[in-house]
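S.K.: The structure is given below, and queries will be raised subsequently.
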Amino acid sequence: MTADTAEREAFEKWAYDQWQNSRPPDNAWLGWQARAALPARAPEGWTLADLHRANAARQEEWCPDQKPDLSFRGNELAGEIGEACNVIKKLERERLGWAGSRDTLEHLAEELADGIMCIDLVANAAGISGDALMAAVVQKFNATSQARGFKTMLSASPPPPEQGGEPAVKYTCTTSTAMAKMLATYKYQTPKIGSEGQPYRAPTTEPLASPAPGPDEPVVRALEWNPYRAETPFGYYLVEDQTDLPERVLNGRAPFLLSGTRLDYSRHATLKAARAAAQADYERRILSALQPAQPAPAPVAAQPQPSAWPAALAMRERCGAVLASHIEGRKAAQDKALMCGRTAEAKAQTAALNALSMALEAILALPLDGEG
Numbered sequence: 001m002t003a004d005t006a007e008r009e010a011f012e013k014w015a016y017d018q019w020q021n022s023r024p025p026d027n028a029w030l031g032w033q034a035r036a037a038l039p040a041r042a043p044e045g046w047t048l049a050d051l052h053r054a055n056a057a058r059q060e061e062w063c064p065d066q067k068p069d070l071s072f073r074g075n076e077l078a079g080e081i082g083e084a085c086n087v088i089k090k091l092e093r094e095r096l097g098w099a100g101s102r103d104t105l106e107h108l109a110e111e112l113a114d115g116i117m118c119i120d121l122v123a124n125a126a127g128i129s130g131d132a133l134m135a136a137v138v139q140k141f142n143a144t145s146q147a148r149g150f151k152t153m154l155s156a157s158p159p160p161p162e163q164g165g166e167p168a169v170k171y172t173c174t175t176s177t178a179m180a181k182m183l184a185t186y187k188y189q190t191p192k193i194g195s196e197g198q199p200y201r202a203p204t205t206e207p208l209a210s211p212a213p214g215p216d217e218p219v220v221r222a223l224e225w226n227p228y229r230a231e232t233p234f235g236y237y238l239v240e241d242q243t244d245l246p247e248r249v250l251n252g253r254a255p256f257l258l259s260g261t262r263l264d265y266s267r268h269a270t271l272k273a274a275r276a277a278a279q280a281d282y283e284r285r286i287l288s289a290l291q292p293a294q295p296a297p298a299p300v301a302a303q304p305q306p307s308a309w310p311a312a313l314a315m316r317e318r319c320g321a322v323l324a325s326h327i328e329g330r331k332a333a334q335d336k337a338l339m340c341g342r343t344a345e346a347k348a349q350t351a352a353l354n355a356l357s358m359a360l361e362a363i364l365a366l367p368l369d370g371e372g
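Going left to right, the sequence shown walks through residues 1 to 372 as UniProt numbering numbers them.
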């Protein structure tokens with residue numbers, strides 16, 4: 001197990017324990033995790049951004065009327081690296097004392113320089129800026145050092161602060177384990193670890209808004225998908241591809257289902273749209289964690305709950321459980337009808353499912369006295 005994997009698993013366990021105890025991570029700890037996910041700043045002095053600007057300016061002089069495409073740049077890069085390899089072959093031949101042509105280290109430096117310049121041209125053709133390329137180099141270098149347990153880094157990050165003290169905000173989950181299981185039945189999903197005790201929020205299909213970074217704001221790195229899952233310092237994002245399901249099963253719903261740690265399910269028409277929604281949520285969380293910690297608000301005296309509140313909650317859960325049971329039965333009947341080709345029966349079960357789902361959602365949305 002690598003160092004970064006062990007650290008991530010330790011943090012996920014800690015965050016899960018905090019969630020179960022109705023206590024979120026404090027700003028300092030989450031902020032450190034967020035900084036670890038941001039691209040590192042380039043070292044002082046010359047950077048690839050300088051080369052990027054010079055390459056772009058010279059390209060206008062070289063061929064102003066026609067821009068080489070990415071395939072040309074890729075072949076050009078392979079050729080430049082091949083020339084460097086040819087020089088290395090001649091140097092090795094000389095070192096071993098074999099017969100043949102010779103070469104010099106100065107020529108090798110020239111060919112390697114051509115390779116570096118060509119790498120930037122490939123990035124330029126792909127729309128990757130010099131700053132982004134340099135940040136990727138720094139990030140990749142540091143990630144490799146961390147994975148191998150090495151101390152050498154291109155840029156150092158401060159050690160993580162100790163987790164302690166009371167969090168600035170406390171909250172209480174009013175949804176019980178039974179309600180969580182009922183919601184899982186309603187969503188036709190298997191309950192996931194950590195779902196117990198989470199409050200219900202209506203699903204949304206709109207991507208979470210992500211403010212455009214200003215000139216002095218950090219740029220959050222893009223999520224890395226493998227291919228339907230992306231890991232983050234605070235959990236994961238998962239896209240479920242349901243395009244292979246029959247249209248009668250999807251019933252007009254978008255085929256890509258996005259979920260994640262503390263993220264409601266949402267459906268999207270394309271894989272790209274689902275990933276964009278995950279990226280927007282990721283950027284919002286990271287940038288929010290990097291904001292200066294706000295002073296804790298003055299404690300508010302707990303308001304006594306009306307005596308009828310526990311009974312009302314129990315009644316709502318019982319009604320919801322009954323509806324969830326009916327939904328489960330209707331869903332099984334619908335699946336059986338579809339498998340047997342009984343279209344009319346399947347349509348009837350679909351209509352009943354829709355009605356039951358709407359009723360269940362209405363019950364869950366009913367406010368209770370004393371419930372925010």
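Every residue gets a Cβ at the ideal spot worked out from N, C-alpha and C, and that includes glycine.
Please read all numbers here as calculations on a predicted model, not as lab measurements.
Distance check for residue 130 and residue 53, CA to CA, integer angstroms please.
M.R.: Their backbone Cα atoms lie some 8 Å apart in a straight line.
S.K.: Can the beta-carbon of residue 229 be found closer than 9 Å to that of residue 220?
M.R.: No, Cβ-Cβ distance for residue 229 and residue 220 is not below 9 Å.
S.K.: When burial is assigned at 16 or more other CB atoms within 10 Å of the CB, is residue 344 buried or exposed?
M.R.: The residue in question, residue 344, is exposed, as its Cβ has fewer than 16 Cβ neighbours within 10 Å.
S.K.: Just to check my reading of the structure: residue 84 and residue 108 have Cβ atoms closer than 8 Å, yes? What is that Cβ distance to the nearest angstrom?
M.R.: Correct: roughly 6 Å between the Cβ atoms.
S.K.: Roughly how many whole angstroms lie between the Cα atoms of residue 339 and residue 247?
M.R.: Cα to Cα, residue 339 sits roughly 14 Å from residue 247.
S.K.: Can residue 232 and residue 261 be called in contact, C-beta distance under 9 Å?
M.R.: In contact: residue 232 and residue 261 (Cβ atoms closer than 9 Å).
S.K.: Go ahead and label residue 224 buried or exposed: buried means 16 or more other beta carbons lie within 10 angstroms of its beta carbon, across all protein chains shown.
M.R.: Exposed is the call here.
S.K.: Please name the residue, chosen from 329, 98, 116 and 222, that lies closest to residue 73 on a Cα-to-Cα basis.
M.R.: Residue 73 has its Cα closest to that of 116, out of 329, 98, 116 and 222.
S.K.: DSSP three-state label for residue 376, please.
M.R.: Residue 376 lies beyond the stretch modelled for the chain, which goes from 1 to 372, so this question has no answer here.
S.K.: Which first and last residues belong to the beta strand (DSSP E) in which residue 262 is found?
M.R.: Unbroken run through residue 262: none, as it is neither H nor E.
S.K.: Note down the Cα distance separating residue 151 from residue 50, rounded to an integer number of angstroms.
M.R.: The straight-line gap from Cα to Cα measures roughly 28 Å.
S.K.: Between the Cα of residue 255 and the Cα atoms of 270, 276, 139 and 142, which residue gives the shortest distance?
M.R.: Among 270, 276, 139 and 142, the Cα nearest to that of residue 255 belongs to 270.
S.K.: Just confirm the distance between the C-beta atoms of residue 55 and residue 121, as a whole number of angstroms; I'd bet it's less than 8 Å.
M.R.: Confirmed, about 6 Å.
S.K.: If residue 337 sits next to residue 346, beta carbons under 8 Å apart, how far is it from one beta carbon to the other, in whole angstroms?
M.R.: So it is a contact: roughly 4 Å between Cβ atoms.
S.K.: Distance check for residue 103 and residue 96, CA to CA, integer angstroms please.
M.R.: Those two C-alpha atoms are separated by around 13 Å.
S.K.: Assuming contact is defined by CB atoms lying nearer than 9 Å, are residue 90 and residue 100 in contact in what I supplied?
M.R.: Yes, they are a contact pair.
S.K.: Pick helix, strand or coil for residue 69, following the three-state DSSP scheme.
M.R.: Residue 69 falls in the coil class under three-state DSSP.
S.K.: Kindly indicate which three-state DSSP category residue 281 falls into: helix, strand or coil?
M.R.: Here residue 281 sits in helix by DSSP.
S.K.: Pick helix, strand or coil for residue 256, following the three-state DSSP scheme.
M.R.: Here residue 256 sits in strand by DSSP.
S.K.: Around the Cβ of residue 71, are there at least 16 other Cβ atoms within 10 angstroms (buried) or fewer (exposed)?
M.R.: Answer is exposed; the Cβ neighbour count stays below 16.
S.K.: Can you grab the Cα-Cα spacing for the pair residue 342 / residue 352, in whole Å?
M.R.: Spanning the two alpha carbons is a distance of roughly 16 Å.
S.K.: In angstroms, rounded to a whole number, what distance separates the CA positions of residue 257 and residue 250?
M.R.: Rounded to whole angstroms, residue 257 to residue 250 spans 11 Å at the Cα level.
S.K.: Opposite residue 267 in the DSSP bridges: which residues?
M.R.: Its beta-bridge partners are 257.
S.K.: Tell me residue 232's beta-bridge partners as DSSP assigns them.
M.R.: Beta-bridge pairing links residue 232 to 235.
S.K.: Could you tell me which residues DSSP pairs with residue 240 in its beta bridges?
M.R.: Answer is 257.
S.K.: Quick check on residue 133: buried or exposed, where buried means 16 or more other Cβ atoms within 10 Å of its Cβ?
M.R.: With 16 or more other Cβ atoms within 10 Å, it is buried.
S.K.: Using the Cβ count rule (16 or more neighbours within 10 Å means buried), how would you classify residue 354?
M.R.: When all chains shown are included, residue 354 counts as exposed.
S.K.: Output the distance between the C-alpha atoms of residue 113 and residue 148, rounded to the nearest integer angstrom.
M.R.: When rounded, the distance between both Cα atoms is 29 Å.
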